[in-house]
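Participant:
There are 2 protein chains.
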Amino acid sequence: MVVYNFAAGPAVMPKPVIQQIQTELPSLNGSGMSIMEISHRSPAFDAIIQQAEARLRHLMAIPDDYAVLFMQGGGTGQFAAAPLNLATKHHHIAVLDSGQWASRAAAEAKRLGIAADVLATTKPDHYRHLPTMPEALAQDTYDYLHLCLNNTVEGTAYTTLPEHGDTPLVADMSSNICAQRYNVSDFGMIFAGAQKNLGPAGVTVVIVKRALLSDVEAVPSALDYTLFDKKNSLYNTPPVFAIYALNLTLGWIEDLGGIDAMEKRNREKSSKLYAFLDRSKLFHNYVEPRDRSLTNVVFNTGDADLDQAVVDAAAAQGLMNLKGHRSVGGLRASLYNAMPLAGVDALIDFLTQFEKEHEYYVQR
Amino acid sequence: MVVYNFAAGPAVMPKPVIQQIQTELPSLNGSGMSIMEISHRSPAFDAIIQQAEARLRHLMAIPDDYAVLFMQGGGTGQFAAAPLNLATKHHHIAVLDSGQWASRAAAEAKRLGIAADVLATTKPDHYRHLPTMPEALAQDTYDYLHLCLNNTVEGTAYTTLPEHGDTPLVADMSSNICAQRYNVSDFGMIFAGAQKNLGPAGVTVVIVKRALLSDVEAVPSALDYTLFDKKNSLYNTPPVFAIYALNLTLGWIEDLGGIDAMEKRNREKSSKLYAFLDRSKLFHNYVEPRDRSLTNVVFNTGDADLDQAVVDAAAAQGLMNLKGHRSVGGLRASLYNAMPLAGVDALIDFLTQFEKEHEYYVQR
């Protein structure tokens, strides 16, 4: 049975990448040693981490005055690292609350003694659209404005950015990095866990404008951007295997034509699924069309038991992990870079058939 | 050519573990999904992380009132996490400076605003023996006493612990966890990066007495022991692949008879190498015999160029990564659990031959 994995992350990876990892697992470049066994200070790993950085710089067109860091601790680590490293002048950040992860970023900053103003929230509307700035952003007030560019749980994504004047933007790009085109120089800092579009869990990409960095005190070294920049992400032992897998995944994205090609594919996949949902009488997506995510399509039948029946029947046909996030329920299909169009077609076929077999529910 | 990897970490892993990972990489348990692709909230991963914890508890005889956590950020992350979580009463820790890593732990605590008293250091003696407590440890003064149990760079290890009264011990066990027997209840907290004896880099084991934990504030969530304990290490996305590989490595240790069997093997391997070094006229180990490490054997010829010639000639014969740590130079053979006795025999044969071919140096 062909299996399609719609998990929100950790998520589907490109088959050729998995195959290459498998092939060379016992012996990297004929060395007789596994990638899992080699030193992070070896020439072999140096070539890998340098290639990963070069590939990411090329793919995302990252300007030279931005550092590219590979850290540990995931998005949650960055919810702390961003305010600790960047909120050094005003000790005050602004947040647009577009969903659970933006809200968690605000909470983590506060936990660390940094004031966090939620300027707008769409929580009362169940986050079915993105918050807009209520008025012009106060200048010289905030160290940065935090945005979650793609809301994995709620199925929304920013395509145009809010006006932010001179206040830097910090962007959580965890679920759509390299899946659609953004202009890096619009941001002061971008971060993303690898486990959705870039490889396995265990490494987090940080892209930060060097002009925003300073020598910070009282920040754990493992979260210190300046230190990691100075040491090329090798201050301490990095997650070697995860960086290696990330590098191969970036190579696969290059081979397929880069981010613009990925965005085209992702737009094709998601448009097809949204078009089906908009036609369906059983399955509904309630997200404001202009705010719909390319990578995470949320939907439901309006009946929690029936949603569960969909998850189970789909899994029996190899369409895995369609359950919505535990905080919102319903259904979700994550269509990251590595999900082929064939997976979306198979999903639509399945949902069409399921709908036919459950006409009773539609007619209620 | 058979390759033996003497790297200090990331380091050699058991061949059967690498083989199993390779075999099941494209499809875990016949799921059609790679371990790299599965959700950390899936039943499949739940079984893995629970088994890893159970195995570690069994192997190390960890009492029930200790939490076992899987974190990110390595030993460096723990140099911060330990004082942030545990130095909450006195904001003051004590350190025995047995080498580079103990010294770094003290520096990191200070960086975070926690006072760190170095009670004794053997730095003037080039760390060739372990520091002993100059006098009884002042009671009700320090939140804990930090020890680096095995000094990877300097080739020393504690076998008996210093008197510490009621002050908890915090032990960096990064390079000899599961390689020799310690009594967990002698410690308040133990931590270890996986990349020496437990698997690939990217996951850090923390074993902490729950009675020492409190609800801490202003600690990054990614480093919060109480939070990780409450959430069974699944507060955020963990390094799934690294935990999976660690679990397999623990299974391999079990299969070989557990920690006592490992210690026996490691003692046999290191004794053989130390015996050779003590006989050699060219190669010398200067560590006080009672403080010698089981897992990291440092030695040198006294001539940096000749040391480099050894590294190169050994590599040509498949004996890899014998270079000493860049801070001390010389040579080092790391003999972690996964290094077979045959590797040590091959190394001794090579060194014997090298010595014969370089009699000139000996006679100088």
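Listed in order, the protein sequences are those of chains A and B. Counting in the UniProt record's numbering, the first sequence runs from 1 upward without gaps. Counting in the UniProt record's numbering, the second sequence runs from 1 upward without gaps. We put the CB at the ideal spot given by N, CA and C, even for glycine.
Under three-state DSSP, which class holds L86 (chain A)?
Facilitator: Mapped onto the first sequence, residue 86 (chain A) falls at position 86. Looking at L86 (chain A) - three-state DSSP - the assignment turns out to be helix.
Participant: Pick out whichever of A:D166, A:R128 and A:Q353 has its Cα sitting closest to the Cα of E154 (chain A).
Facilitator: For the purposes of this step, residue 154 (chain A) is taken as the residue at position 154 of the first sequence. It is A:R128 whose Cα lies nearest to the Cα of E154 (chain A).
Participant: Given residue 366 (chain A), which residues of its chain have a CB within under 7 Å of its CB, disregarding the five upstream and five downstream residues?
Facilitator: The structure shown does not extend to residue 366 (chain A), since chain A is modelled only from 1 through 364, so no value can be given for it.
Participant: Grab me the residues of P238 (chain B)'s own chain with a C-beta within less than 7 Å of its C-beta, minus the 5 sequence neighbours each way, in chain order.
Facilitator: Counting from one through the second sequence, the residue named residue 238 (chain B) turns up at place 238. Result list for P238 (chain B): H40 and F70, in chain order.
Participant: Name the chain A residues that come within less than 9 Å of T76 (chain B), Cβ to Cβ?
Facilitator: By one-based count along the second sequence, residue 76 (chain B) stands at place 76. Ordered by position in chain A, the residues that pass the 9 Å Cβ test against T76 (chain B) are P220, S221, A222, Y235, N236 and T237.
Participant: Between N321 (chain A) and the rest of its own chain, which residues show a CB-CB distance below 7 Å, the 5 nearest in sequence each way excluded?
Facilitator: For the purposes of this step, residue 321 (chain A) is taken as the residue at position 321 of the first sequence. For N321 (chain A), where only same-chain residues beyond five positions count, the Cβ hits under 7 Å are N5, F6 and A7.
Participant: Using a Cβ-Cβ cut-off of 9 Å, state whether I348 (chain B) counts as contacting chain A.
Facilitator: Indexing the second sequence from 1 puts residue 348 (chain B) at position 348. So, not an interface residue.
Participant: For H146 (chain A) versus V184 (chain A), is the C-beta spacing smaller than 9 Å?
Facilitator: For the purposes of this step, residue 146 (chain A) is taken as the residue at position 146 of the first sequence. For the purposes of this step, residue 184 (chain A) is taken as the residue at position 184 of the first sequence. The answer is no: Cβ separation not under 9 Å.
Participant: Going along the segment 19–44 of chain B in order, which residues come within less than 9 Å of chain A, judged by CB to CB distance?
Facilitator: Q19, I21, Q22, T23, L25, P26, S27, S31, G32, M33, S34, I35, M36, E37, I38, S39, H40, R41 and S42
Participant: Buried or exposed: H164 (chain A), going by 16 or more other Cβ atoms within 10 Å of its Cβ?
Facilitator: Here the question's residue 164 (chain A) lines up with position 164 in the first sequence. The residue in question, H164 (chain A), is buried, as its Cβ has 16 or more Cβ neighbours within 10 Å.
Participant: What residue from A:A52, A:W101 and A:L282 has the CA that sits closest to V68 (chain A)'s CA?
Facilitator: Walking along the first sequence from the start, residue 68 (chain A) turns up at place 68. Closest in alpha carbon position to V68 (chain A), among A:A52, A:W101 and A:L282, is A:A52.
Participant: Tell me which residue opens and which closes the beta strand (DSSP E) that I190 (chain B) is part of.
Facilitator: Residue mapping note: residue 190 (chain B) aligns to position 190 of the second sequence, counting from 1. Note, I190 (chain B): beta strand (DSSP E), M189 to G193.
Participant: Nearest to A309 (chain B) by CA position, among B:L277, B:V208 and B:E355, is which residue?
Facilitator: Counting from 1 along the second sequence, the entry for residue 309 (chain B) is found at position 309. Considering only alpha carbons, the answer is B:E355.
Participant: By Cβ distance, which residues of its chain are closer than 6 Å to D291 (chain B), with the 5 residues on each side in sequence left out?
Facilitator: Position 291 of the second sequence, counted from the start, is the residue given in the question as residue 291 (chain B). Excluding sequence neighbours, D291 (chain B) sits near H129, L130 and T156.
Participant: Taking the C-alpha atoms as reference points, what is the distance between A316 (chain A) and Q22 (chain B)?
Facilitator: Taking the first residue of the first sequence as position 1, residue 316 (chain A) is located at position 316. Taking the first residue of the second sequence as position 1, residue 22 (chain B) is located at position 22. Between A316 (chain A) and Q22 (chain B), the C-alpha separation is close to 26 Å.
Participant: Report, in whole angstroms, the separation of the C-beta atoms of I207 (chain A) and I62 (chain A), which I expect to be a contact under 8 Å.
Facilitator: Position 207 of the first sequence, counting from 1, holds the residue named residue 207 (chain A). Position 62 of the first sequence, counting from 1, holds the residue named residue 62 (chain A). Their Cβ separation, rounded to whole angstroms, is 6 Å, which keeps I207 (chain A) and I62 (chain A) in contact under 8 Å.
Participant: Do you know how far the Cα of F241 (chain A) is from the Cα of G9 (chain A)?
Facilitator: Position 9 of the first sequence holds residue 9 (chain A). Position 241 of the first sequence holds residue 241 (chain A). Approximately 18 Å between the Cα atoms of the pair.
Participant: How is the alpha helix (DSSP H) around N247 (chain B) delimited, first residue to last?
Facilitator: For the purposes of this step, residue 247 (chain B) is taken as residue 247 along the second sequence, with counting starting at 1. Residues V240 to D255.
Participant: With which residues is A47 (chain A) paired in a DSSP beta bridge?
Facilitator: Reading the first sequence from its first residue, position 47 is the one you call residue 47 (chain A). DSSP, once it has assigned bridges, lists no residue as partnering A47 (chain A).
Participant: Q195 (chain B) touches chain A at which residues, Cβ-Cβ below 7 Å?
Facilitator: Along the second sequence, read from residue 1 onward, the residue named residue 195 (chain B) stands at position 195. Using a Cβ-Cβ cut-off of 7 Å, Q195 (chain B) is close to T237 of chain A, given in chain order.
Participant: Between which two residues does the beta strand (DSSP E) harbouring V118 (chain A) extend?
Facilitator: Residue 118 (chain A) sits at position 118 when you count from the first residue of the first sequence. Element bounds for V118 (chain A): A115 to T121.
Participant: Can you find the residues in the same chain that come closer than 7 Å, C-beta to C-beta, to F45 (chain A), ignoring five residues on each side of it along the sequence?
Facilitator: Taking the first residue of the first sequence as position 1, residue 45 (chain A) is located at position 45. Closer than 7 Å at Cβ, skipping near neighbours: I38, S39 and V240.
Participant: Using the three-state DSSP reduction, which class does I18 (chain A) fall into: helix, strand or coil?
Facilitator: Counted from its first residue, the first sequence places residue 18 (chain A) at position 18. It is helical.
Participant: In the DSSP assignment, find the alpha helix (DSSP H) that holds D345 (chain A) and state where it starts and stops.
Facilitator: Sequence index remark: in the first sequence, residue 345 (chain A) carries index 345 (1-based). L341 to E357 is the span of the alpha helix (DSSP H), which, as asked, contains D345 (chain A).
Participant: From the DSSP output, read off the bridge partner residues of L169 (chain A).
Facilitator: Within the first sequence, numbered from 1, the residue matching residue 169 (chain A) stands at position 169. L169 (chain A) is bridged to A:L145.
Participant: Which residues, in chain order, does the segment 163–180 of chain A contribute to contact with chain B at a C-beta distance below 9 Å?
Facilitator: none
Participant: To which residues does DSSP link M36 (chain B) through a beta bridge?
Facilitator: Within the second sequence, the letter at position 36 stands for residue 36 (chain B). Bridge partners of M36 (chain B): none, in fact.
Participant: Find out if the Cβ-Cβ distance for the pair A333 (chain A), V297 (chain A) is shorter than 9 Å.
Facilitator: Translated into the one-based positions of the first sequence, residue 333 (chain A) becomes position 333. Translated into the one-based positions of the first sequence, residue 297 (chain A) becomes position 297. Between A333 (chain A) and V297 (chain A), the C-beta spacing is below 9 Å.
Participant: What whole-angstrom Cβ distance do P168 (chain A) and T132 (chain A) have, given they're in contact under 8 Å?
Facilitator: The residue labelled residue 168 (chain A) in the question sits at position 168 within the first sequence. The residue labelled residue 132 (chain A) in the question sits at position 132 within the first sequence. About 19 Å; that fails the 8 Å criterion.
Participant: If you run the structure through DSSP and keep just helix, strand and coil, what is A80 (chain B)?
Facilitator: Translated into the one-based positions of the second sequence, residue 80 (chain B) becomes position 80. The answer is helix: DSSP assigns A80 (chain B) an H, G or I state.
Participant: Strictly under 9 Å for the Cβ-Cβ distance: is L112 (chain B) near chain A by that measure?
Facilitator: Counting from one through the second sequence, the residue named residue 112 (chain B) turns up at place 112. Taking Cβ atoms only, chain A reaches closer than 9 Å to L112 (chain B), which makes this a yes.
Participant: Any beta carbon from chain B within less than 9 Å of A242 (chain A)'s own beta carbon?
Facilitator: Counting from 1 along the first sequence, the entry for residue 242 (chain A) is found at position 242. Taking CB atoms only, A242 (chain A) has a neighbour in chain B less than 9 Å away.
Participant: Does the beta carbon of P10 (chain B) sit closer than 9 Å to a beta carbon anywhere in chain A?
Facilitator: For this step, residue 10 (chain B) is matched to residue 10 along the second sequence. Chain A contact via Cβ: present.
Participant: By DSSP, does R332 (chain B) sit in helix, in strand, or in coil?
Facilitator: Here residue 332 (chain B) refers to the residue found at position 332 of the second sequence. Strand, per DSSP.
Participant: Please state whether DSSP places Y4 (chain B) in a helix, a strand or coil.
Facilitator: On the second sequence, residue 4 (chain B) is found 4 positions in, with the first residue counted as 1. Strand, per DSSP.
Participant: Looking only at DSSP bridge pairs, what is I93 (chain B) linked to?
Facilitator: Taking the second sequence and counting its residues from 1, the one referred to as residue 93 (chain B) is at position 93. The partner list for I93 (chain B) (beta bridge, DSSP) reads B:A116 and B:Y144.
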